[in-house]
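There are 2 protein chains.
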Amino acid sequence: MIPFKALIIIDKTVATPLYLQIANSIIQNIRQGHLRRGLKLPGARVLAAELNVHRKTLQMALDELLAQGWLEIEARKGTFVAKALPEMKAVKFGSSQSPLVYPEKAGFQIRKVNFRSYSFTNFQTDKNLIITEGFPDIRLAPIQELMREMRSIERIKSFRKYFHYGNPQGTAYLREPLSSFLNETRGLPISPENIIITNGAQMGLYLTANLLLTKGDHVVVGEPGYFTATLTLERAGGVINRVKVDENGIDVDAIEAICKKKRIRLVYVIPHHHLPTTVTLTPERRMRLLNLAAKYKFAIIEDDYDYDFHYDSSPMLPMASLDTHGNVIYIGTLTKTLVPAIRIGFVVAPRNFIEEVTQMRRSIEFQGDTLMEISIAGLYKNGVIANHIKKSVRIYRERRDNFCNLLQNKLEDLVSFQIPEGGMCVWVRFNEGNLPVIAASAYKKGLTMSDGSSYNEKVNYNATRMGFSSLNLNEQEKAVDILKSAMSS
Amino acid sequence: MIPFKALIIIDKTVATPLYLQIANSIIQNIRQGHLRRGLKLPGARVLAAELNVHRKTLQMALDELLAQGWLEIEARKGTFVAKALPEMKAVKFGSSQSPLVYPEKAGFQIRKVNFRSYSFTNFQTDKNLIITEGFPDIRLAPIQELMREMRSIERIKSFRKYFHYGNPQGTAYLREPLSSFLNETRGLPISPENIIITNGAQMGLYLTANLLLTKGDHVVVGEPGYFTATLTLERAGGVINRVKVDENGIDVDAIEAICKKKRIRLVYVIPHHHLPTTVTLTPERRMRLLNLAAKYKFAIIEDDYDYDFHYDSSPMLPMASLDTHGNVIYIGTLTKTLVPAIRIGFVVAPRNFIEEVTQMRRSIEFQGDTLMEISIAGLYKNGVIANHIKKSVRIYRERRDNFCNLLQNKLEDLVSFQIPEGGMCVWVRFNEGNLPVIAASAYKKGLTMSDGSSYNEKVNYNATRMGFSSLNLNEQEKAVDILKSAMSS
Chain U
5 MIPFKALIII DKTVATPLYL QIANSIIQNI RQGHLRRGLK LPGARVLAAE
55 LNVHRKTLQM ALDELLAQGW LEIEARKGTF VAKALPEMKA VKFGSSQSPL
105 VYPEKAGFQI RKVNFRSYSF TNFQTDKNLI ITEGFPDIRL APIQELMREM
155 RSIERIKSFR KYFHYGNPQG TAYLREPLSS FLNETRGLPI SPENIIITNG
205 AQMGLYLTAN LLLTKGDHVV VGEPGYFTAT LTLERAGGVI NRVKVDENGI
255 DVDAIEAICK KKRIRLVYVI PHHHLPTTVT LTPERRMRLL NLAAKYKFAI
305 IEDDYDYDFH YDSSPMLPMA SLDTHGNVIY IGTLTKTLVP AIRIGFVVAP
355 RNFIEEVTQM RRSIEFQGDT LMEISIAGLY KNGVIANHIK KSVRIYRERR
405 DNFCNLLQNK LEDLVSFQIP EGGMCVWVRF NEGNLPVIAA SAYKKGLTMS
455 DGSSYNEKVN YNATRMGFSS LNLNEQEKAV DILKSAMSS
Chain S
5 MIPFKALIII DKTVATPLYL QIANSIIQNI RQGHLRRGLK LPGARVLAAE
55 LNVHRKTLQM ALDELLAQGW LEIEARKGTF VAKALPEMKA VKFGSSQSPL
105 VYPEKAGFQI RKVNFRSYSF TNFQTDKNLI ITEGFPDIRL APIQELMREM
155 RSIERIKSFR KYFHYGNPQG TAYLREPLSS FLNETRGLPI SPENIIITNG
205 AQMGLYLTAN LLLTKGDHVV VGEPGYFTAT LTLERAGGVI NRVKVDENGI
255 DVDAIEAICK KKRIRLVYVI PHHHLPTTVT LTPERRMRLL NLAAKYKFAI
305 IEDDYDYDFH YDSSPMLPMA SLDTHGNVIY IGTLTKTLVP AIRIGFVVAP
355 RNFIEEVTQM RRSIEFQGDT LMEISIAGLY KNGVIANHIK KSVRIYRERR
405 DNFCNLLQNK LEDLVSFQIP EGGMCVWVRF NEGNLPVIAA SAYKKGLTMS
455 DGSSYNEKVN YNATRMGFSS LNLNEQEKAV DILKSAMSS
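Protein chains in written order, with my numbering: chain U, 5 to 493; chain S, 5 to 493.
In structure tokens:
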């Protein structure tokens, strides 16, 4: 006799109805080979008694299994496990091959992705002060205003349609004010058709790289450079050509020299505040790079992720606003302007390119985050974003100056750096000590910082970016004190 | 004398400060070749008068340009356009090469994406009744409850951390209740590590396909099948093998025959309610397919996007819950359960596969929509989702029955269909008439429906899916009346 009581597992504390638990457990046992095809089940009354459930409950379970085709009734003979099911070898209880134990490993071959990029995963739980890279101070963000906009989608009847399927290019309701904003603030004479809303700058980069590159296409990036971008371009098939970045930005002579030898498909630049060194590309190099692009017909990705934050003059017009030949693909984001969790970014480019980017986005996800798009559109329209940028620039300028003073006064000759004209980080070179050791020691003392290992796998700059924007003046002092103590230990 | 008044465009109605407008306009003119390198500018007083702005405003503009490096001062000689800038050929005003006109087309070669998939783009503006595919009735969705959860992220202090960078696998705060929910409702004995939250089911499919497939890998899909999935698999490099879907689901004998001839990497199935025909894969075929997967070590993508909606019995346990060898990659979504604009989907698989999927997701975007994830977690925890599913199933069952009755009574022999056991659509074959013509006529009369052309490029089924879930009983009657009138015209 089959030990149904042992086989069929019932848990009266969970929300799943009893009859379904019984039905599902019987299915699992069929799959495990404990209840074989053609097996005659005991009568409902007997089985109900054995499982200590009401007979009606048991009958519902049997009906369910009959409806699904796991069991079948033969007239005047009884209820059987369906004979058409395949023969199963019985597996041991609790073995890794039991359906009650989820498989530990995949039963097919797995390819490694090796996207070895920077992880911010622990930022939510890290109780340390954090100066890894630069990110906005979430305490300053206009969250209440954002939530008010979010609620309006429910409250305003004409907004209800936005709960429906939307446009993978991003809703026009956001692209319209964004296009005006970019025109007024960055001199981009664009229309909403030139914009696609992406999930942060990274998606803009991913889409662009994967659309432009096929295996073996030559790409130029700065050295040192933004490792995540390089990795993204590489994974999209690009062959990476590294060009030195000096105090005037990426070396355009070197790019020209490469163009004379190879067919270059794409140049990736961060002209406003180069990552990692924060330098700004000079006007003459900008214009020469644009001229080169027009001559050799390559695309320029202009990554301008922290446009808003420039402290000693107004932000510099992007190269895209000087592009007369349609070579520049301009990538921006609100992630640094508001809070990291708001993943609204954008790509600006000639319309025929944006159309293809939109199709590629559609292949990854049907649409972006419409509800957030509508809310952000509201914040543009009522001036909240413009005001927030003004306020942030004022506060971050003070924080930059204070942080640089602290580095200067407390660490003196231990480090060297240039005061950055913009952005959220200082590029700090360590004149003494080994940065990974210092970072590990600082972490234990309450300060989380990058160990600088990710800027290049082969070259050790013994330097890292330190973010000054998310810590207030007191926190900055504590952070630099910890760093000093980590360096002397 | 240079006509500065004509060159420098100022618009006092826009928000950009005047001095910045002047500065940017001068930069544009340098780029256009109208103000050449080495050109001496008139004195600030003269230029201010010509442009009819305050002298201080003009001085601010010049300071800005000096700071950025576009201009330079030579002691006792005056202010010049920087000599280091490259020589530019002057372009005509208003020409497509003027930076004041955004380039119409890209200056580099563009690859076509040709993701010819279904577009839902117009659903937000379409005033017609819509029966294209099946989608939830947004009037039933628990939007107020969702907004309450969303607001709690701002209100509850311990939630503030979620504004920070998060985990590309999706926040554990959602994966935990989701894992319990899937365990209780679908018999999936998983833990949160077996889940990645994606942007809808499509991202799950994209990630999985691109992770599993390299160019030339053999893939099996059903015929007729879900065109968007086939396209996604194809674009990821898969060679598509089409296998007939009959009234019992995909033909497993045919899959076995292929396995004997070729190395199959992946089988894509929608066992619960096949798209488009809505049939359910029988238990014996499920078990045989699982056995084949274990034997030939291929992966099964089980797309279960409308799991919740099964009307004549409880939803069938997914194949994933019977998978003892780790072959099944299970894809689900809340898009059909709540509203299309909420793009929360998930993939369930053995942990070593989910780890790679997470890295690949990170390469596309740093993280998903954390704020929505937290809100949805709240709706799981307080039972709103479970209740909403119960309510929807009740209403949609009535709508299914009513819609099928209307088709039967009003269209009689013009169409044939099976009453679907679940999902949101009926697969309707047109016995007479040409579906694209009928659909075009219906559209003009106020009914938007698919013309059936997308299920296969080569085979004309003269059939389409009609969604019954989003229209109430009155609307359904109107819709079928329009359809009838379109068929007789």
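A virtual CB, placed ideally from N, CA and C, is assigned to each residue, including glycine.
Between Gln32/U and Tyr169/S, the alpha-carbon positions lie close to 40 Å from each other. When secondary structure is reduced to three states using DSSP, Glu137/S falls in the strand class. C-alpha of Leu192/U to C-alpha of Leu415/U: approximately 42 Å in a straight line. CA-CA distance, Ala303/S to Cys429/S, rounds to 28 Å.
The three-state reading of DSSP puts Tyr447/S in helix, counting H, G and I together. If you check the CB distance, Asn171/U and Met364/U do not come in under 8 Å. Between Ile14/S and Leu55/S, the beta carbon gap of about 7 Å places them in contact (Cβ cut-off 8 Å). At a C-beta separation below 7 Å, Asn198/S has these neighbours in chain U: Tyr106.
Glu251/U sits exposed, since fewer than 16 C-beta atoms from the chains shown fall within 10 Å of its C-beta. Ile389/S and Leu383/S have their alpha carbons spaced roughly 6 Å apart.
Asn28/U reaches chain S at Gly191, Leu321 and Ser325, counting residues in chain order whose Cβ is nearer than 8 Å.
Judged by DSSP in its simplified three-state form, Val388/S adopts helix. Close to Asp316/S, with beta-carbon spacing below 7 Å, are these residues of chain U in chain order: Ala71. Pairing Leu45/U with Thr83/U gives a Cβ-Cβ distance under 8 Å.
Here Glu436/S has Leu418 as same chain residues with Cβ atoms under 6 Å from its own Cβ, once five neighbours each way along the sequence are excluded.
Less than 8 Å divides the Cβ of Asp308/U from the Cβ of Tyr334/U. Taking the CA atoms as reference points, Arg179/S sits about 32 Å from Ala94/U. One thing to note: Pro287/S has its Cβ within 8 Å of the Cβ of Gly73/U. With respect to the 8 Å criterion, Ile268/U and Val224/U are classified as neighbours on the basis of their beta carbons. Just measuring C-alpha positions, the residue of Lys462/S, Glu377/S, Ser492/S and Val432/S sitting nearest Gly204/S is Glu377/S.
The beta carbon of Arg398/S is closer than 7 Å to none in its chain, skipping five residues each way along the sequence. Minimum Cα-Cα distance from Gly229/S among the listed residues Pro280/S, Tyr106/S and Arg433/S corresponds to Pro280/S. For Tyr334/U, the enclosing beta strand (DSSP E) has its first and last residue at Val332 to Thr337.
Looking at Ile199/U, Thr282/U and Lys482/U, the one whose alpha-carbon comes closest to that of Ile358/U is Ile199/U.
DSSP places Lys248/S in the uninterrupted beta strand (DSSP E) bounded by Val243 to Asp250.
Inclusion of Val352/S and Leu217/S in the CB contact set at 8 Å is not warranted, their separation being larger than that value.
Residues of the segment 438 to 464 of chain S whose Cβ lies closer than 7 Å to any Cβ of chain U: none. In the three-state reduction of the DSSP assignment, Asp373/U falls in the coil class. Take Lys448/U, set aside five residues on each side of it, and no residue of its chain has a beta-carbon closer than 6 Å to its own. For the pair Gly208/U and Asp221/U, the CB atoms are not nearer than the 8 Å cut-off. Asp257/S counts as exposed, since fewer than 16 other beta carbons sit within 10 angstroms of its beta carbon. Within chain S, the residues whose beta carbon sits less than 9 Å from that of Val95/U are Thr328, listed in sequence order. DSSP, reduced to helix, strand and coil, places Ala53/S within a helical segment of the structure shown. For the segment 42 to 67 of chain U, there are no residues whose beta carbon sits under 7 Å from a beta carbon of chain S. Contact annotation: in the segment 344 to 359 of chain S, residues whose CB is within less than 8 Å of a CB in chain U are Pro344, Ala345, Ile346, Arg347, Ala353, Pro354, Arg355, Asn356 and Phe357.
Around Pro287/S, the beta-carbon contacts reaching into chain U at under 7 Å are Gln72, Gly73, Trp74, Ala86 and Leu89.
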